[in-house]
């Protein structure tokens, strides 16, 4: 079957032929028969097309245009802010000698199970495919431990990893609590002298948070051995230690009375034991708290607790040398609910923003980490590789940065030069842009044969492109170009609108000199 346009063209041709052969009965009959057949074919095509349109209109599926709960699309300007954030974080990771790795976005379920305490219920399980039962990764730490167990050549290793993780949590997008989100992790694996790697991990965390300028923050710090010793001297049964630790970890979100109720009512802890815990978790301070705990009549008799206190005292001395001790608070209410921590634990929280327009309440921790010496051994038959690390809560940081930035003023492109033609000059504009690209200069032009001049200026200004090259027929004939500095706020208005005329042969050199001065 021919297409409709071909049939209609042939029908018109036959009508013209009939005029030319008028009186020739044989030819007239042939054309009449062909015309009849073509009209029938045309009618059939139109009927089929009409039926198809009716079916399409009936079968059109209406989609719910939204993203899943706890996820988010990011615009070009939002991504520009995020990319700058990631670049700053990555630069600090590299400054400290870390190298990056990558791991699968899903792991065998047995790798993840039993590592996160009560938070294990937040793991996304996948349907069985090919006989392997898998789950989406909950964090980047457990996959890193599995990586170390599989790659024994990495015994002493500084790594960073920036990637997405997944949690079936109750989301709050405005406060940076998501179900799909990025983590930025820095870890030091290997056998070293005590507390030196721990001090560097905390230093890295402080450097990053200061570089992002999100407001005042404090790093709460404690030690699993101190907490375990504290629970022991208070009378917590060994089988309830992790459950009670998880309850204590909620003190940043709940009052002591609510936490105590959870301990006693839900977890079956004796009220007197809970009250003794309450006396300890009120304690916070600096290095002086180590001496207070050493003199505690009960805690001083617990070996585990004293090992933790001595670690803390040593760590404070290193943090002073690294210039970050003033950011750290020794806080016994910090418990960190994850099961794999074995030593120092820490968590950075915002104290508030200098800008009253920026809402920081409810944001929660913005970075956290600690020592996990036994995690690799779980995967390698008990062969331990001590590790310590920190994870930056970049989604929460981004939620704050987004409040600080006026999106309309964010430059999302990296374009350095916009080529403008007066009177079209498409081929000439394309030739100049190619020359700029060949020299590594980021350049654009308008995809129109004969674009209007105001539209080209508007495009250049809208994308905040700093330099414009202007050409017209006169410039082409003289072998020159005009270069205009389009910046307005960075330089004076006079300078911003000043044009320079340069020869085509000098164009690249002049552009590079200008771009280097920005």
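Numbering (the UniProt record's numbering), first residue to last: 1 to 518.
No residue lacks a Cβ here, since even glycine has one placed at the ideal position from N, Cα and C.
Check: Could you tell me whether the segment 300-318 touches the segment 226-235, using the rule of 3 or more Cβ pairs below 8 Å?; Outcome: yes
Check: Does residue 216 come out as helix, strand or coil in the three-state DSSP assignment?; Outcome: strand
Check: Please name the residue in 64, 38, 78, 46 whose C-alpha comes closest to that of residue 399.; Outcome: 78
Check: Please state whether DSSP places residue 482 in a helix, a strand or coil.; Outcome: strand
Check: Report the three-state DSSP secondary structure of residue 418 (helix, strand or coil).; Outcome: strand
Check: Quick check on the burial criterion: 16 or more other C-beta atoms within 10 angstroms. Buried or exposed for residue 203?; Outcome: buried
Check: In the DSSP assignment, what residue or residues form a beta bridge with residue 100?; Outcome: 160
Check: Taking Cβ positions, are residue 390 and residue 369 nearer each other than 8 Å?; Outcome: yes
Check: What are the partner residues of residue 123, as DSSP defines its beta bridges?; Outcome: Residue 123 pairs with nothing; no bridge assigned.
Check: So what's residue 444 in DSSP terms, helix, strand or just coil?; Outcome: strand
Check: Rounded to whole angstroms, how far is the Cβ of residue 207 from the Cβ of residue 92, which I believe are closer than 8 Å?; Outcome: 5 Å
Check: Find out if the Cβ-Cβ distance for the pair residue 298, residue 233 is shorter than 8 Å.; Outcome: yes
Check: When you compare only the Cα positions, how much space is there between residue 42 and residue 414?; Outcome: 54 Å
Check: Residues in the same chain with beta-carbon distance under 7 Å from residue 426, minus the five sequence neighbours each way, listed in chain order, please.; Outcome: 449
Check: With a cut-off of 8 Å on the beta carbons, I'd call residue 269 and residue 240 a contact; round off their distance for me.; Outcome: 6 Å
Check: Tell me whether the segment 419-434 and the segment 368-387 touch, counting them as touching only if at least three CB pairs, one residue from each stretch, are closer than 8 Å.; Outcome: no
Check: Quick one, are the C-beta atoms of residue 479 and residue 462 less than 8 Å apart?; Outcome: no
Check: Within 10 Å of its beta-carbon, does residue 517 have 16 or more other beta-carbons around it, so buried, or fewer, so exposed?; Outcome: exposed
Check: What does residue 371 pair with, by DSSP beta-bridge criteria?; Outcome: 388
Check: If you run the structure through DSSP and keep just helix, strand and coil, what is residue 284?; Outcome: strand
Check: Thinking just about the alpha-carbon of each residue, which of 322, 11, 386, 154 is nearest to the one in residue 343?; Outcome: 386
Check: Is any non-hydrogen atom of the ligand GDP found closer than 7 Å to the C-beta of residue 378, if you look at the structure I gave you?; Outcome: Questions concerning the ligand GDP fall outside what the structure shown contains, since it holds no ligand whatsoever.
Check: Would you check if the distance between the CB atom of residue 330 and the CB atom of residue 285 is smaller than 8 Å?; Outcome: yes
Check: Quick one: residues in its chain with C-beta nearer than 6 Å to the C-beta of residue 182, no 5 flanking neighbours on either side, listed in chain order?; Outcome: 164, 394
Check: Taking three-plus beta-carbon pairs below 8 Å as touching, is the segment 164-173 in contact with the segment 128-139?; Outcome: yes
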